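First up is the structure itself, then whatever we jot down about it.
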Amino acid sequence: MKRIVIFAIFLFMGFSAKAQYKGQVRFIHAYEITSDKGFFGMNFGFEYLAFNYLSLHPSVTFFTPATGNARGFDINARYYLTEKEKQWYTLLGYGHYTRVFEFNPEGIRRHNSINLGAGGMLKFRDELGINPEIRYQPMGRNEVIFKLGIVYFIN
């Protein structure tokens, strides 16, 4: 039930963000890799600039471990340091990670963590760009996550 509620909120925020004309909206599709376990993941999210230089970025990641499955949900606040074609930012946020094991008595492992990191929005066209990012999760997972994404700028 919690998954359905979180997904519905994420979907509602995504569709309602299109109607907001005062801020910018960006859709992001990215790939992540973790430092410790080496998990590879597909990330889907959007970003809404609620204020000048400050945005909210919720995202969902589906990781591909050898057995079982893993997924993560992050909501980050990004503070932009620059404005032009290369927009660099710092981030602070919350992350939730769930791993389901197969053939293991441990069963399910869940972690809540704080996200600290930095990244950039590098435009190569008016509506397309690249989003490199590095995040550190000091609590819970204690991992560094590297992300590279494609950004579609809505407005």
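Quick note on numbering: UniProt numbering labels position 39 of the sequence shown as 39, and the sequence is numbered without any gaps.
Ideal Cβ placement from N, Cα and C applies to all residues, glycine included.
Keep in mind the model is a prediction, meaning the values are calculated, not measured.
Have a look at Leu128, Tyr89, Gly68 and flag the residue whose alpha-carbon is nearest the alpha-carbon of Gly149.
Position 149 of the sequence shown, counted from the first residue, corresponds to residue 149. It is Leu128 whose Cα lies nearest to the Cα of Gly149.
Inter-residue spacing [alpha-carbon to alpha-carbon] between Glu143 and Leu54:
Your numbering for residue 143 matches position 143 in the sequence shown. Your numbering for residue 54 matches position 54 in the sequence shown. The alpha-carbon atoms of Glu143 and Leu54 are separated by roughly 25 Å.
Contact set for Val60: own chain, Cβ-Cβ below 6 Å, skip 5 residues either direction:
Within the sequence shown, residue 60 is the residue found at index 60, counting from 1. Phe44, Phe73.
Per DSSP, which residues does Phe27 bridge with? Please list them.
Position 27 of the sequence shown, counted from the start, is the residue given in the question as residue 27. Phe27 pairs with Phe46, Tyr152.
Can you tell me which of the three DSSP states Phe103 falls into?
Along the sequence shown, read from residue 1 onward, the residue named residue 103 stands at position 103. Residue state, collapsed to three classes: coil.
Exposed or buried, Tyr97, counting other C-beta atoms within 10 Å across all chains shown (16 or more means buried)?
Residue 97 sits at position 97 when you count from the first residue of the sequence shown. That one is buried.
Give the single residue among Met121, Tyr89, Ile134, Glu133 whose Cα lies nearest to the Cα of Phe153.
As a working note, residue 153 is residue 153 in the sequence shown. Among Met121, Tyr89, Ile134, Glu133, the Cα nearest to that of Phe153 belongs to Met121.
Minimum C-alpha distance to Phe124 - residue among Gly117, Gln87, Ala70:
Indexing the sequence shown from 1 puts residue 124 at position 124. It is Gln87.
In chain order, what residues of the same chain have a beta carbon less than 7 Å from the beta carbon of Gly107, not counting five sequence neighbours either side?
Reading the sequence shown from its first residue, position 107 is the one you call residue 107. Result list for Gly107: Phe101, in chain order.
Short Cβ contact (8 Å threshold) for Asn115 with Ile28:
Along the sequence shown, read from residue 1 onward, the residue named residue 115 stands at position 115. Along the sequence shown, read from residue 1 onward, the residue named residue 28 stands at position 28. No. Outside cutoff.
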